[in-house]
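Data block below; observations after.
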Amino acid sequence: MASDEKGLPDLFVPGEKDLRTGTVKIETARNVKWARKACQTTYSTPVIAGGKVFLCGIGGRKGGLIACLDEQTGEPLWKWQTSESRYGFGICGTPAVEGDRLYVVNQNCEVMCLDVNGESDGQGGRKARVLGTFDLEKEFKTSPADTYCGSCVIDGDLLYVATSNGINPLGDDAKERMFILDKQYKGGRKIRTNEEAYRVPSPDAPNVVLFEKKTGRVVATDETPIVKGLLKGQWSSFALGRVGDRNLVFYGGGDGVCYAFESPPAVTLRADPTPTPPPRQGRGEGRGRGR
128 MASDEKGLPD
138 LFVPGEKDLR
148 TGTVKIETAR
158 NVKWARKACQ
168 TTYSTPVIAG
178 GKVFLCGIGG
188 RKGGLIACLD
198 EQTGEPLWKW
208 QTSESRYGFG
218 ICGTPAVEGD
228 RLYVVNQNCE
238 VMCLDVNGES
248 DGQGGRKARV
258 LGTFDLEKEF
268 KTSPADTYCG
278 SCVIDGDLLY
288 VATSNGINPL
298 GDDAKERMFI
308 LDKQYKGGRK
318 IRTNEEAYRV
328 PSPDAPNVVL
338 FEKKTGRVVA
348 TDETPIVKGL
358 LKGQWSSFAL
368 GRVGDRNLVF
378 YGGGDGVCYA
388 FESPPAVTLR
398 ADPTPTPPPR
408 QGRGEGRGRG
418 R
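Start counting at 1 in the sequence shown, then tack on 127, and there's your number in my numbering.
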């Protein structure tokens, strides 16, 4: 992390935990402006934009939660929460915020677009305002391993979303497929080694979906060969960078390979720990254009 700011504090003391509120005792902290318990558990990273702090996590009984806090005071501005959850880990991805729009994939593998300002709840407060959703599991039959986890990235008018498609050990037949009980084995179970135990439930589902951010229209899906070497899950976030005269979107596939997509979509490039001759134009490992 880099900053042009001068005189920034170089020491932070988090302070003593306040068991009553679940935060910290500010008087015991140093260089801490405020503390707030926003959710039960979080695997997400806070995003600061437009004077607001956005954080995702677990809310209710393992449901999903998006909290919007005031950057200066930590006071809650609005919250989106649901008790419905297919996987029980809450929202693990980090939101992408641009202008007055927030994009994130929730705990049920639905791409969500929300108004960062929320809307009136009719009682003097604010509540979440959902502008649109897209169900990845319903539309593409994706099957995440454990849970969805990955952060979207915006490039111009395009929104890149990962589906986390993988081998799902928490599925209905997970215990029968992947584990067998063994009292002699530490933990009481051991992993099977037969190939059937590691079959991919949705081998034809895309790994990356490209949306038109303003309309939610699907622009393209990838054709990378990730499923052929899939180890278990896909929890990578995207990175966007300028390489020469091209915009590239980078994605860490569940096959241990880093992929780069030209944006707008074109031929997919591949980076591999074992160097191989580069693919010819139009003959890459996958394509970014729509199917």
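Beta carbons: idealized from backbone N, C-alpha and C, even for Gly.
In this structure, residue 261 and residue 237 form a Cβ contact; the two beta carbons are roughly 7 Å apart against a cut-off of 8 Å.
Contact annotation: residue 276 and residue 288 have beta-carbon atoms that are not nearer than 8 Å. Under a 10 Å Cβ-count criterion, residue 370 is classified as exposed, with fewer than 16 other Cβ atoms of the shown protein chains found around its own Cβ. Annotation for residue 267: the continuous alpha helix (DSSP H) segment containing it runs 263 to 267. For residue 356, the secondary structure class from DSSP, reduced to helix, strand or coil, is helix. Counting along the chain, the unbroken beta strand (DSSP E) around residue 203 starts and ends at 203 to 209.
Distance check between residue 201 and each of 132, 150 and 385 places 150 closest, using alpha-carbon atoms only.
Residue 339 and residue 240 have their C-alpha atoms spaced approximately 12 Å apart. With contacts defined by Cβ atoms closer than 8 Å, residue 231 and residue 220 form a contacting pair. Counting along the chain, the unbroken beta strand (DSSP E) around residue 230 starts and ends at 228 to 232. Here residue 378 carries a strand assignment [DSSP, helix/strand/coil]. Pairing residue 345 with residue 336 gives a Cβ-Cβ distance under 8 Å. In chain order, 148, 149 and 150 place their CB closer than 8 Å to the CB of residue 164, counting only its own chain and leaving out the 5 sequence neighbours on each side. In the DSSP assignment, residue 225 falls within the unbroken beta strand (DSSP E) covering 223 to 225. For residue 292, the pairing in a beta bridge is given by DSSP as 271. When C-alpha distances from residue 207 are compared across 174, 178 and 253, the shortest belongs to 253. Annotation: residue 146 is outside any beta strand (DSSP E) and is labelled neither H nor E by DSSP.
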